[in-house]
DNA sequence: AATGACTAAATGCATCTGCATGGAATAGTC
DNA sequence: GACTATTCCATGCAGATGCATTTAGTCATT
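Chains as they are written, first to last, in the working numbering: chain A, 1477 to 1662; chain B, 1477 to 1662.
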């Protein structure tokens, strides 16, 4: 078990010495766009770091484990094809394969044979897996509240969502407002 | 030289079965905050991936190299203490050390002795380093425009900045609107 | 000037990642 | 049915990362 930290600092540098024949010519990308890019990189990095650190301090495995466990637990039968997990999580194939290895090693999931397609398999979440997912949500949700919820009004959070969605092909579900729901984080 | 991809999928799952004695009790974190968290993780990942891929396809090294080269090139003397680079880039100490190794290996920077503090050293950007930084900015800026600038009006980009800054302790410079400027991306 | 606390930077080690490839089963084509 | 293309998953390998430690130099106190 080990923490992942995604630390990366993006810098964007203008070289203003070229172009500008006329005074009305706009810079591309605009100052605003560049600033937004920078903020997006920096803030995400910081917030993710902070959340991962909190989880880690609470003795939990990386968030990726949570994501996988959640995805599995939400499947009606508690099992998924690796290929589906891969698509849900948007991580590369080999990454999924190894993540499953680790979950299985820790007894959080089990590999099961797939009879209809013998190339494939099913990954089934275990009771221990379900329990870990639930326990992690306690720490995870607290971290989200601490690093995001408490800094933004609901209205502003919604605005942020809207703006971000325009960058990312919206890429996800918007959680239905009822019970036992989940929202995918990338 | 090798690309880094920061792929990570965050999922946040509510377990709605507890709490709610009264109908007025608000969920913490709120649905909006959770959705914002998810978008932040997902969109950043996608946009960063896309930009890194473009750079890679153009035959350039990872963005981290660019960040370091920009930082060095902006230093008045073209040199910086590793510890300063570390602080600017917000990456861990060992990471800085090894990044410098690679830059030096490729002839993009050079280590120089620091006379006033013999523990330390200076890292100086070379001509090749300056040139690479400039050439990378061509591809980099195009990617920012493609994945951010073109998707958002300047006003919306500015709004996004403002909202993100509230999450991240503002963590950065806002580029002065004149020439030869740069904005730090995390 | 000796001690101890602290800072700058490098590095050993285990793990993780990306990439490319591999094998095995299925689907499509003639 | 033989051939090829495609899909599903695993894995070898090289490089990158995180963590802890080491080495070396500085500073403060006495």
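The beta carbon of each residue, even a glycine, is placed where N, CA and C say it ideally should be.
Endpoints, beta strand (DSSP E) assigned at residue i
i, result
"residue 1588 of chain B", "1585 to 1589"
"residue 1559 of chain A", "Element bounds for residue 1559 of chain A: not the beta strand (DSSP E) but the alpha helix (DSSP H), 1558 to 1565."
"residue 1599 of chain B", "1597 to 1601"
Sub-8 angstroms separation of residue i and residue j beta-carbons
i, j, result
"residue 1628 of chain A", "residue 1636 of chain A", "yes"
"residue 1523 of chain B", "residue 1624 of chain B", "yes"
"residue 1554 of chain B", "residue 1600 of chain B", "yes"
"residue 1614 of chain B", "residue 1557 of chain B", "no"
"residue 1580 of chain A", "residue 1586 of chain A", "yes"
"residue 1612 of chain B", "residue 1561 of chain B", "no"
Contact list for residue i against chain A, beta-carbon separation under 8 angstroms
i, result
"residue 1635 of chain B", "1635 and 1639"
"residue 1642 of chain B", "1627, 1628 and 1632"
Alpha helix (DSSP H) segment containing residue i, residue limits
i, result
"residue 1576 of chain A", "1569 to 1581"
"residue 1523 of chain B", "1507 to 1533"
"residue 1632 of chain A", "1630 to 1643"
"residue 1550 of chain B", "1539 to 1550"
Whole-Å CB distance - residue i paired with residue j, under 8 angstroms assumed
i, j, result
"residue 1572 of chain B", "residue 1584 of chain B", "Their Cβ separation, rounded to whole angstroms, is 15 angstroms, which puts residue 1572 of chain B and residue 1584 of chain B out of contact at 8 angstroms."
"residue 1488 of chain A", "residue 1567 of chain B", "Not really, about 17 angstroms apart at Cβ, beyond 8 angstroms."
"residue 1575 of chain A", "residue 1540 of chain A", "6 angstroms"
"residue 1630 of chain B", "residue 1506 of chain A", "5 angstroms"
Partners in chain A for residue i, counting only beta-carbon separations shorter than 7 angstroms
i, result
"residue 1575 of chain B", "Chain A residues near residue 1575 of chain B: none, gap ~11 angstroms exceeds 7 angstroms."
"residue 1608 of chain B", "Here the premise fails: no neighbours, minimum Cβ distance about 12 angstroms."
Closer than 8 angstroms at the beta carbon, the chain B residues around residue i
i, result
"residue 1505 of chain A", "1617, 1620, 1621, 1624 and 1625"
Cross-chain neighbours of residue i in chain B, by beta carbon under 7 angstroms
i, result
"residue 1578 of chain A", "Residues of chain B passing the Cβ test: none, with the nearest at roughly 15 angstroms."
Interface residues of chain B facing residue i [CB-CB closer than 9 angstroms]
i, result
"residue 1530 of chain A", "What residue 1530 of chain A touches in chain B: nothing, since even the nearest Cβ is about 13 angstroms away."
"residue 1509 of chain A", "1620, 1621, 1624, 1625, 1626, 1627, 1628, 1630 and 1633"
(request) Could you tell me whether the stretch 1608 to 1623 of chain B touches the stretch 1535 to 1550 of chain B, using the rule of 3 or more Cβ pairs below 8 angstroms? (result) yes
(request) Determine, using beta-carbon pairs with one atom in the stretch 1525 to 1542 of chain B and one in the stretch 1497 to 1516 of chain B, whether at least three such pairs fall under 8 angstroms. (result) Segments in contact, no.
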